[in-house]
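Below is one structure, written out as C-alpha cells, with a few remarks after it.
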C-alpha cells in the first residue's frame, strides 16, 4: 500500500491579476455608459418609426383667402400661405399658428386626416392689453407677425394677441394672448431644440423627389433633419408636381401620394377663434430634454 502523498500547499491568487481584472471590468462599464450617452444625444427621443401615407392627408384652408400665413408652433418654421396640404402621422399633437393682417391669430391642431377650414376674425381695438417679458437668447432675435422686432430681455407690448417667433427659424413660435387680468398667456417663452430625426421615402419607387427646390434623386430616399416639417415635391409623368408638407415628430417612413386629388377620410368642423388659453405642453417625444 502506497503511503499517502503530502498535500500540496494551495496557490495564492495573484493580487496583481485581480487588480487588472477589476480595472478591466471598470473600463468595460465606462465604455458601455459612454455608448448609451452617445445614443441618447444622437438618436431621436422616441425610436418608434411613424408612418404616413395617403390616408394621413390633411388639407388646411383659411379665410381671408390668400392672406393667411402658416407657422409651425414647435420650431417657428414658416410654411407658406394657406391652403396647404400635409401628411400627418398619428402620434403626438402637432399645431400650426395662422395669422393675417388685421386679423386675430389662431392656433390650429392638425388632425391625422381630413379637411380643416380656419376663419380668422377681424382684430378688435377694444381687446385687452398686456406686457410680455422676453427671455434672453443667444444667436437669435425675436419677431412678431405684426412687425415688431423687440430686443432680447425686453418687454413686448401686446394688444389682444400676436404670434412671437425666433429668427432664424428652429427655436419655436408662440401664440400669445392677453388674459382678462392683464397678464399674457403664456407668461413665459421657452425656446426649444429638436433632435435630428430620420425620414425615409419608400414610395412611389423610381419617382423623382425634391425637398423644396432641391432635387434629392429617385425614390427610395432618406435623410435626417431637425425641422418638424419637410416640404416634399414629387415629379409626375408629364412634368407636373405634387407638393406636401410632411410632419416628422419622430423618425418617419413616408409613402407619397401619386395623385393631387383630395378625398378626406374624415371631415373636421370649421374652426373658430379660440376663446380659451391654448396648451403649450409639447409632447416629450418631439422636444430635446
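Numbering (our numbering), first residue to last: -4 to 284. Idealized CB from N, CA, C, for every residue including glycine. Only a predicted model underlies this, so the values are computations on that prediction, with no experimental measurement involved.
Counting the other Cβ atoms within 10 Å of the Cβ of residue 94 gives 16 or more, which makes it buried. Rounded to the nearest angstrom, the gap between the Cα atoms of residue 190 and residue 197 is 22 Å. In this structure the segment 173 to 180 does not touch the segment 203 to 213; the number of beta carbon pairs closer than 8 Å is below three. The DSSP assignment places 124 to 128, 136 to 139, 150 to 154 and 156 to 162 as complete runs of the beta strand (DSSP E) inside the segment 114 to 166, in order along the chain (cut-off: 3 residues).
In the DSSP secondary-structure assignment, residue 98 is bridged to 117. Judged by DSSP in its simplified three-state form, residue 245 adopts coil rather than helix or strand. The alpha-carbon of residue 73 is positioned some 8 Å away from that of residue 64.
Per DSSP, the unbroken beta strand (DSSP E) holding residue 192 starts and ends at 192 to 198. Residue pairing of residue 56 in beta bridges, as defined by DSSP: 112. Annotation: the continuous beta strand (DSSP E) that includes residue 76 extends over 73 to 76. Looking from the CA of residue 171, the closest CA among 160, 247, 156 and 115 belongs to 156.
When the five nearest sequence neighbours on each side are left out, the beta carbons in the same chain lying within less than 6 Å of the beta carbon of residue 221 are those of 189 and 191, in order along the chain. Check the Cα spacing between residue 128 and each of 122, 218 and 145: the tightest is with 145. As a beta-bridge residue in DSSP terms, residue 225 pairs with 241. Rounded to the nearest angstrom, the gap between the Cα atoms of residue 120 and residue 154 is 8 Å.
For the set 246, 202, 234 and 113, the Cα lying nearest the Cα of residue 195 is the one of 246. Here residue 230 is bridged, per DSSP, to 236. Straight through space, the alpha carbons of residue 176 and residue 207 are spaced by roughly 44 Å. Residue range 216 to 220 is occupied by the beta strand (DSSP E) that includes residue 219.
DSSP lists 65 and 101 as the beta-bridge partner residues of residue 93. With respect to residue 228, residue 237 sits close: the two C-beta atoms are nearer than 8 Å.
Only exposed fits residue 96, as fewer than 16 other CB atoms lie within 10 angstroms of its CB. The beta carbon of residue 243 lies closer than 6 Å to those of 192 and 194 in the same chain, with the five residues before and after it left out.
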